[in-house]
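Read the structure below first, then the notes.
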Amino acid sequence: MSIREIPLNRVRITDAFWSPRQRLMTDVTIPYMEKILRDEVPGAEKSHAISNFRMAAGEETGEFYGMVFQDSDVAKWLEAAAYSLALKPDKELEARVDDVVALIGRCQQPDGYLNTYFTVKEPENRWANLLECHELYCAGHMIEAGVALHEAAGKDELLHICIRLADHICDRFMQVDGIPGHQEIEIGLMRLYHATGNAKYRDMALRFLDLRGQDPQWFEKHTPKHPGVHYGGYDIIAEDTAYNQSDVPVREQTVARGHAVRQLYMLTAMADAAADTGDAELIAACDRLFDNITQKQMYVTGAVGSTPHHEAFTVDYDLPSDRCYGETCASVAMTFFAHNMLAIKPDGRYADLMELELYNAALAGMSQDGKRFFYVNPLTVDTSVSGIVPGYEHVLPQRPAWHACACCPPNLARLIASLGKYLWSEEDDTVYSHLFIGSEAETRHGRISMTSGYPWEGKVEYTIHDGGQFALAIHVPQHAENMSLRVNGEEIPCVTLDGYCRVQRNWQPGDCVIAEFDMPVRRIHAHPRVRDAAGKVAIARGPLVYCIESTDQMAILSGIVLPEDAVIHTVESGAEAMVLLHAEGLAQEVSDELYSVNTISTTPIQIRAIPYFSWGNRVQGNMQVWIREA
């Protein structure tokens, strides 16, 4: 038996940190997103996505509105809604989901084709411009939604629609070469293969992957010379093959390049296919790119994508803090990629990455009220330049209510709502616990529950509710120190292999395993080639990276210094006992001189740092992660 996740319907989250956030999803965010899709939120960016479907079904007149990939917003909302129904049955939400699914069905063409943009606006140009037009991307997201409704909510209407869509795609592309301009269909087809057992969907996904990069000029040869305007003046250049990773065959790629989300969706599908087939070349390519991203192109928060130009990776160690792109979708996709790598091999590095993304770069993409969202997640924000000065237009000091390109909010919603499937996996003789998120799982070896004080405390407790002979493999986070294990009160050795501590025994009902570890405050220093972090330090505790905000500091943030010998204290604050960090620091005194030859004078100050995920939820102000150290 291969390593596979424990299905969502067999996991229940009971966690002090994450359960309220999932309730926020079910009670606030997902209903709010539906209102956005229906253009029912005054003052928010218009979506018109539901109206696009009505026009495609012939039930409304007007002009198609939004991005060429506007359909995907509805698909991701449906996927999030499916997980919401699994978390909390809701007859009203279920009825509205059914209505949207029925509407989608009425849009589907007799041959299975499904896309509102081309049905409404350019019916004659179906599949004519794979580079720009996102038909396969939208199809991939719709298929994911269909599978989610089937698996999480027991509803099959959209699945049947998506099987027809996937069959149409297989008929169209299994014999005729075609490459998605934006990778995603590969993920959808792999999920459909797992749900149905029909290997042709896996084969189609592999064909899309394997054709990529075989002919770097493919898009140049097959893109219309005058394709029309699909991005409002934003051009995708067919000759820029690195942008969509079509410059080198996927099995030969060594460095993450181009559009970050495209790269990571591709890797998510590659890892899934590699886990299923055991393909050594695919596994090696995934490993190489995982290492390149995490060791040379990833921010300390887990964010990826260094530049707004093409929302892309650039070169190794180019990680500017204030112009960082760090798209929320990219952090969501990093979580997907790491999760699928765990199906290849249970290696703690992958669980560490999931943890980093979930508690930092991904979670920062949503406000604490569940109604505002970041597209871009920088590590430094200065309100005097952010969103104003050329080069910083993308860096916003506050989360908007919605976006014209709204890929990120529903992406984050589907991740948080489906969090249960990232916690556990199993094989014949082992149950793996990847994340310290309080939960209960129905495994092949019986029911196991876990309680956790994470991310604030380093203590987790497992209860084995049924008996049997198997190993419980507990992920030991890379930051954890002095991990100790007790089984039924008796201390046992914690021997770690590949980031997991395995406890093998013949378990009895009621057996209890307690893992305890220290979570000291850590000072993180960057590689000297990371220019923006030179002479600076980031502070972290447990899975959380911290930052400072101007609302807490009586000083200019860039002039604050954390002495090397300063003791950093933990302080509990707020209703959820959030752990803040305090330290005695120094602040450069401000004069009217632009430049001065005088010795810099400093004043003692109290530095107050908050978890990065929580920034931007009070007054609008400045923020930074990296702090000067002396």
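When we follow this note's numbering, the leftmost residue of the sequence shown carries the number 5, and every step to the right adds one.
Note that the Cβ used here is the ideal one computed from N, Cα and C, for glycine as well.
It should be emphasised that the depicted structure is a prediction, and the values quoted were computed from it without experimental measurement.
Asked                                                                                                                                                                                 : Found
DSSP three-state call for I496: helix, strand or coil?                                                                                                                                : strand
If we count the other Cβ atoms within 10 Å of its Cβ and call it buried at 16 or more, is R376 buried or exposed?                                                                     : buried
From E446, A579 and I572, pick the residue whose C-alpha is nearest to that of G589; which is it?                                                                                     : I572
When DSSP labels each residue in this structure, what does P615 get in the three-state scheme?                                                                                        : strand
Would you give the residue range spanned by the beta strand (DSSP E) that W428 belongs to?                                                                                            : W428 to E431
Nearest-angstrom Cα distance between G514 and T447?                                                                                                                                   : 16 Å
One question on the structure: do I7 and A410 come within less than 9 Å of each other, judged by their Cβ atoms?                                                                      : no
Using the three-state DSSP reduction, which class does D522 fall into: helix, strand or coil?                                                                                         : strand
Which runs of the beta strand (DSSP E), 3 residues or longer, sit entirely within the stretch 555-629?                                                                                : 564-566, 572-577, 582-592 and 606-615
For a test of the three-state rule: what should DSSP assign to I34, helix, strand or coil?                                                                                            : helix
Distance, Cα to Cα, W22 vs S600?                                                                                                                                                      : 50 Å
Would G237 be called buried (16 or more neighbouring beta carbons within 10 Å of its own) or exposed?                                                                                 : With a pLDDT of 46 at G237, under the threshold of 50, the modelled position of this residue cannot be trusted, and the question is left open.
Per DSSP, H263 is paired with what?                                                                                                                                                   : A316
Give every residue of the same chain whose Cβ lies closer than 6 Å to the Cβ of A421, excluding the five residues on either side of it in the sequence, and list them in chain order. : M29, A84, Y87 and S88
Counting only runs of 4+ residues fully inside the stretch 277-343, write out the alpha helix (DSSP H) ranges in chain order.                                                         : 284-300
Give me, in chain order, the residues of the same chain whose beta-carbon lies closer than 7 Å to that of Y329; leave out the 5 immediate sequence neighbours on both sides.          : G309, S310, T311, P312, E315, V380 and H398
Quick check on the DSSP output: what are the complete alpha helix (DSSP H) runs of length 4 or more inside the stretch 380-437, in order along the chain?                             : 412-421
Locate the alpha helix (DSSP H) running through L215, then write down its first and last residues.                                                                                    : A203 to L215
Alpha carbon to alpha carbon, how far is E444 from S76? Give it in angstroms, no decimals.                                                                                            : 32 Å
Please report how far the alpha carbon of I165 lies from the alpha carbon of D214, in whole angstroms.                                                                                : 27 Å
For N486 and A275, what's the separation of their Cα atoms in angstroms?                                                                                                              : 33 Å
Hey, would you say L419 sits closer than 9 Å to P547, going by beta carbons?                                                                                                          : no
Cα separation between G144 and I543?                                                                                                                                                  : 39 Å
Within its chain, find whatever has a CB closer than 7 Å to the CB of P459; leave out the 5 residues flanking it on each side and keep chain order.                                   : F21, Y363, G546, P547 and L548
Count the other C-beta atoms from every protein chain shown that fall within 10 angstroms of the C-beta of A277, then say buried if there are 16 or more, exposed otherwise.          : buried
Looking only at C-alpha atoms, which of R261, L357 and I34 sits nearest to T298?                                                                                                      : L357
Which one of A366, G395, G442 and I392 has the shortest CA to CA distance from A417?                                                                                                  : A366
Checking the sheet assignment: what are the DSSP bridge partners for K463?                                                                                                            : E520
Using a Cβ distance threshold of 8 Å, determine whether the stretch 497-514 contacts the stretch 553-568, with at least three qualifying pairs required.                              : no
Are the CB atoms of G192 and E155 nearer to each other than 9 Å?                                                                                                                      : no
G369 and C412: beta carbons closer than 9 Å?                                                                                                                                          : yes
Distance check for Q482 and Y321, CA to CA, integer angstroms please.                                                                                                                 : 22 Å
Give the DSSP-derived three-state secondary structure of A61 in the structure shown.                                                                                                  : coil
Assess, as a yes-or-no matter, whether the stretch 106-113 is touched by the stretch 178-193 under the definition of 3 or more beta carbon pairs within less than 8 Å.                : no
Compute the Euclidean distance between the alpha carbons of V393 and L400, then round it to the nearest angstrom.                                                                     : 11 Å
Please classify S577 as buried or exposed, where buried requires at least 16 other C-beta atoms within 10 Å of its C-beta.                                                            : exposed
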